[in-house]
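Novice: First the structure, then my questions, so here it is.
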Amino acid sequence: MNQQKTGRFLKELRKEKGMTQEQVAEHFCVAGRTVSRWETGNNMPDLSMLVEIASFYNVDVREIIDGERKSEKMDNDLKETLEKVADYNDAMNVKSMRMGAITMTVVFIILVLISAVKGISSAPLVSLLCAYSGATYFSKLKYTKDKTDLLTGILFLMAMLLNTIAFILR
Numbered sequence: 004m005n006q007q008k009t010g011r012f013l014k015e016l017r018k019e020k021g022m023t024q025e026q027v028a029e030h031f032c033v034a035g036r037t038v039s040r041w042e043t044g045n046n047m048p049d050l051s052m053l054v055e056i057a058s059f060y061n062v063d064v065r066e067i068i069d070g071e072r073k074s075e076k077m078d079n080d081l082k083e084t085l086e087k088v089a090d091y092n093d094a095m096n097v098k099s100m101r102m103g104a105i106t107m108t109v110v111f112i113i114l115v116l117i118s119a120v121k122g123i124s125s126a127p128l129v130s131l132l133c134a135y136s137g138a139t140y141f142s143k144l145k146y147t148k149d150k151t152d153l154l155t156g157i158l159f160l161m162a163m164l165l166n167t168i169a170f171i172l173r
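Numbering (our numbering), first residue to last: 4 to 173.
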């Protein structure tokens with residue numbers, strides 16, 4: 004696969020739709036830099052995003068991968084298979100994030116107990132947990148595109164900042 008060729012093709016498709024990189028980024032809930040990196044061939048969309056992009060531009064996934072138009076259209080069976088693989092990939096990513104959150108929670112509880120026994124403030128640990136939780140929700144947002152994940156991530160990061168400021172000012 005030639006990433007630069009694929010990137011040029013994505014740029015061509017975007018321009019055919021008369022859209023800017025920012026408009027495409029907003030449609031797919033990604034950063035404008037991300038679309039730019041796709042179009043320069045520096046990065047490629049993940050599999051689930053590739054299926055969405057192909058549908059958005061009304062082209063075959065193979066056309067995007069090859070970086071050029073083909074005369075035949077993707078048959079429905081292949082498209083359904085790719086969508087199932089993409090859904091499976093997303094489910095595995097969400098499962099991994101959940102396992103990370105559970106692990107972090109267990110570690111957090113152990114450290115809070117240790118800090119209580121030693122008489123040390125647990126405020127930095129609370130900040131750490133809030134930062135980790137916020138980052139987890141932002142990562143999850145990539146797969147779910149659920150605005151509540153964005154809001155939850157922002158709230159956790161705000162809680163981390165407030166807790167850190169309060170700890171410093173004590």
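Note that beta-carbon positions come from the ideal geometry of N, C-alpha and C, so glycine has one too. These numbers were taken from a predicted model, which means no experiment stands behind them.
Given residue 7, which residues of its chain have a CB within under 6 Å of its CB, disregarding the five upstream and five downstream residues?
Specialist: Contacts found: 44.
Novice: Can the beta-carbon of residue 166 be found closer than 9 Å to that of residue 119?
Specialist: Their beta carbons are not under 9 Å apart, which means residue 166 does not touch residue 119 by this criterion.
Novice: Residues in its own chain within less than 7 Å of residue 5 by CB, not counting five upstream and five downstream?
Specialist: For residue 5, where only same-chain residues beyond five positions count, the Cβ hits under 7 Å are 70.
Novice: Taking C-alpha atoms, which residue in 61, 67, 58 and 72 lies nearest to residue 42?
Specialist: The residue with the shortest Cα to Cα distance from residue 42 is 67.
Novice: Do residue 88 and residue 147 have their beta-carbon atoms positioned less than 9 Å apart in this structure?
Specialist: Contact flag unset, no.
Novice: Is DSSP giving residue 103 helix, strand or coil here?
Specialist: Residue 103 falls in the helix class under three-state DSSP.
Novice: Does the distance from the CB of residue 25 to the CB of residue 10 come in under 9 Å?
Specialist: Cβ distance not < 9 Å, so residue 25 and residue 10 don't count as in contact.
Novice: For a quick check, are the C-beta atoms of residue 155 and residue 135 less than 9 Å apart?
Specialist: Cβ distance not < 9 Å, so residue 155 and residue 135 don't count as in contact.
Novice: Between the alpha carbons of residue 172 and residue 107, how many angstroms are there, rounded?
Specialist: Spanning the two alpha carbons is a distance of roughly 27 Å.
Novice: Using only alpha-carbon positions, find the residue among 121, 143, 65 and 170 that is nearest to residue 131.
Specialist: Taking only the C-alpha atoms, the option nearest residue 131 is 170.
Novice: Using 10 angstroms around the beta-carbon of residue 72, count the other beta-carbons present and answer buried if the total reaches 16, otherwise exposed.
Specialist: Exposed, because fewer than 16 other Cβ atoms sit within 10 Å of the Cβ of residue 72.
Novice: What residue from 150, 151, 128 and 60 has the CA that sits closest to residue 164's CA?
Specialist: It is 128.
Novice: Would the beta-carbon of residue 82 fall within 9 Å of that of residue 54?
Specialist: Contact: yes.
Novice: Would you say residue 150 and residue 100 are within 9 Å of each other, going by their C-beta atoms?
Specialist: Contact flag unset, no.
Novice: Once the 5 residues before and after residue 12 are set aside, which same chain residues still bring their CB inside 7 Å of it?
Specialist: Cβ within range, chain order: 67, 70 and 71.
Novice: Residue 137 by DSSP, collapsed to three states: which one?
Specialist: Helix.
Novice: Between which two residues does the alpha helix (DSSP H) holding residue 65 run?
Specialist: That run of the alpha helix (DSSP H) goes 64–69.
Novice: Does DSSP put residue 166 in a helix, a strand or coil?
Specialist: Helix.
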